[in-house]
Amino acid sequence: MSARRRFLVLGDTGLTGADWLRQCGLEGDCFSAESWEAGLEQLRRQPFDAIVANPADPAVLRGLRALVRSQSILAALPDGVAVVDADFQVRLANPAFEAWCGGPAVARNFYEALGVSSPPSAASVSGGDEGGGPVPCPFRAALDEALRSSAARGNEVFRLHCRDGRILDLHITPLCEPDSPTPLLLVLGRDVTALVQQQQKLDALHKAGRELAALSADQLADMSIAERIELLKLNIRRFTRDLLHYDVMEVRLLDPQTGRLEPLVQEGMTPQAANRVLLASCAGQGVTGYVAATGKSYLCPDTAADPLYLPGAPGARSSLTVPLIFQDKVIGTVNVESPKPNAFGEADLQFLEIFSREIAAALHTLELLQVEKSTTASRSIEAISREVALPVDDILAAATSILERYIGHDPEMADKIRRIIVGARSMKQCIQKVGEDMAPARPAAGKEPPPPALKGLRILVADNDDRVRRSAHGLLGRWGCIVETARDGQEALTMARLSTYDAILADIRLPDMSGYEVYRRLREAQPQARVILMTGYGYDPTHTLVKARQDGLRFVLFKPFRVDQLRDALTKDIEEKEPKRQADKETK
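Anchor point for the sequence shown: position 335 equals 316 in our numbering, and the numbering is continuous, going up by one each time.
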């Protein structure tokens, strides 16, 4: 025997439920609801075969108007909205969601409509945190969580990777009680494809910067300067093509003596353009000369209408040129061109400027811009110090971490570890002392003598980049500082708790904790030390610098920073504290 049909009567229809059924020739059970709110509550709790309402009833009219307004709002929303049942079938979808599906989505499987395997594989659905790994189907997870907590989940973000390359962030919330016969879930989706791709590209550019001139110690010993330059040129071409997707590019270096922009790398330029003599000047030297003279990037959307543009690549219709800047000085230019007009936008400008900073750092690493070299003896000592510094720092960090565990538990073992730490530090200081003894009595022409206020200053540098830590030893060591380094925030905090430093330089992108957390905890561990934050990008998405400045941060260094900026950050107001610092050291 079939089940009796169920009818929901909204408001006043002018007839009793039984009369209405008789007039329509129907059989079944009627349930009344005086208002739309009461009717929706009944709909949430049990299924009905039909809904009966009188269009002349004011309450019904108000409900219809509300539905029309709701539909208008859903249609205007830029984000996707869908209602999905427990079988993953789409019950309702707004135009934005249907645009992602390429057509109507209602009555289709949610994952199939979006071009995702159903049920999703571990690779297609992940948590909002990219490092969190795969998670179960988000709809099942939302219902299970609601069953456990008797409340909508609502705050979890699921990332869905579609077959067409689109990446969606999904917020999923149950619309009714999870034990309802027909549970429904509200899905709010946002297309984050552009944001994710931008972040991936930024990370890839940062990684490429490390690899531009990456060489092992053996390779450095075997390769000449000319060979290193050829490797750099090869890497610039490769990363420009593979990461930035530019087929036409040119890099020129500025000769500070002649003002000429000498070609370093070119790809896709005409022979005439590649061999053209250009000077750093605002007039008559094309866009490249203008950028070199002003230090400002230049976007040329239409080469035919720009009086500054000089022909470069065959058929070029637009170009983008940025300066190569090292220590706040223009050292060259990077130029890319396209056969399409308006081919470059603000995102291209941002990426090319970041890449240009990496090129400038690589040029410095390969010593292409070094005017004078130190004597053979001092170079040898610096090389030894450079190769020994980071391994000894690793020993110091490991020994300090072990010492922290044994303090108060095994005095004998703690004393042995302390002797290891003292020995490692003595070895570094002996190498530095030999280097100071072998250094020329007078600095070379054009070089400033080491700042006296930095002599003997104990400095901790926390950065995940080996180049930065090695450069810190080279530069600060020449100034007479005692330098130790850490790879991550935890190493830095452990060393700060068991040692004393005058200054701590910490990168805001350490792998194990946020920049603001590093700053706050270092200040707690070393309240007397000057904490300086460093960043390699021109943006701060987590607002680390804003929050740290509110807590007293005074100095920030943007990589690659000038030597005088680093010196000022370490020495500003230090003369006033110098007598007290010396007195404190004498009492230790």
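Virtual Cβ for every residue (Gly too), placed ideally from N, Cα, C.
Enumerate in chain order the residues of its own chain whose CB-to-CB distance from residue i is below 7 angstroms, with the five nearest sequence positions on each side excluded.
i	result
Ala395	Leu384, Tyr387, Ile388
Asp236	Glu243
Val97	Ser105, Leu141, Cys143, Arg144
Gln23	Leu(-11), Phe12, Ala14
Pro85	Glu79
His524	none
Apart from the five residues on each side of it in sequence, which residues of its chain come closer than 6 angstroms, Cβ to Cβ, to residue i?
i	result
Ile376	Ala405
Thr174	Arg147, Ile148
Arg543	Gln308, Asp309
Ile485	Leu441, Leu503, Ala510, Val512
Ala67	Pro164
Asp283	Pro322
Thr381	Thr475, Met476, Leu479
Ala63	Val71, Ala74, Phe78, Val168
Gly470	Leu491, Asp493, Met494, Val499
Ala273	Leu235, Leu242, Ala261, Val311, Thr314
Asp0	none
Ala422	Residue confidence for Ala422 is low, a pLDDT of 45 falling below 50, so the modelled location carries little weight and cannot support an answer.
By DSSP, does residue i sit in helix, in strand, or in coil?
i	result
Thr251	coil
Met515	strand
Thr568	The pLDDT assigned to Thr568 is 45, lower than 50, so where the model puts this residue is not dependable, and the model offers no usable value.
Ala63	strand
Pro304	strand
Gln4	helix
Glu15	coil
Leu438	coil
Gln181	helix
Asp532	coil
Thr552	helix
Lys397	helix
Pro244	strand
Ile335	helix
Asn216	helix
Leu(-9)	strand
His345	helix
Val403	helix
Met230	strand
Tyr387	helix
Asp236	coil
Lys310	strand
Tyr500	helix
Cys411	helix
His454	helix
Leu58	coil
Gly170	strand
Tyr290	coil
Tyr279	strand
Among the options, which has the Cα closest to the Cα of residue i?
i	options	result
Lys572	Val33, Ile306, Ser495, Gly455	Nothing about residue 572 can be read from this structure; the chain reaches only from -18 to 569.
Cys462	Leu547, Ala31, Glu243	Leu547
Gly170	Ala88, Pro76, Val232, Arg209	Pro76
Ile210	Asp223, Ala328, Pro244	Pro244
Glu248	Asp236, Met230, Gly240	Met230
Asn256	Val246, Gln23, Phe336	Val246
Thr275	Pro282, Val303, Asp283, Ala34	Val303
Lys553	Arg511, Pro237, Leu526	Arg511
Thr251	Glu318, Pro288, Gln266	Glu318
Leu73	Gly83, Leu166, Leu7	Leu166
Pro432	Asp545, Asp488, Cys82, Gln179	Asp545
Val232	Ser16, Val138, Phe91, Glu339	Glu339
Ala487	Trp460, Met515, Glu472, Pro508	Met515
Just confirm the distance between the C-beta atoms of residue i and residue j, as a whole number of angstroms; I'd bet it's less than 8 angstroms.
i	j	result
Val311	Leu333	About 15 angstroms separates the two Cβ atoms, so there is no contact after all.
Asp483	Arg448	24 angstroms between Cβ atoms; not a contact.
Arg451	Leu538	The pair is not a contact, with the Cβ atoms about 17 angstroms apart (cut-off 8 angstroms).
Val442	Ala434	Incorrect: roughly 18 angstroms between the Cβ atoms, too far for contact.
Ala477	Ala506	4 angstroms
Leu590	Leu280	Nothing about residue 590 can be read from this structure; the chain reaches only from -18 to 569.
Once the 5 residues before and after residue i are set aside, which same chain residues still bring their CB inside 8 angstroms of it?
i	result
Gly9	Arg(-15), Arg(-14), Arg(-13), Phe(-12), Leu2, Asp30
Leu58	Asn75, Ala77
Val87	Val71, Arg72, Leu73, Ala74
Return yes when the C-beta of residue i is under 6 angstroms from any heavy atom of the ligand SAM, and no when it is not.
i	result
His142	The ligand content of the structure shown is nil, which means the ligand SAM is not present either.
Under 8 angstroms: do the stretch 288 to 307 and the stretch 527 to 540 share three or more Cβ pairs, one atom per stretch? no
Would you call the stretch 252 to 272 and the stretch 322 to 338 in contact, with 3 or more CB pairs under 8 angstroms? No, they do not touch.
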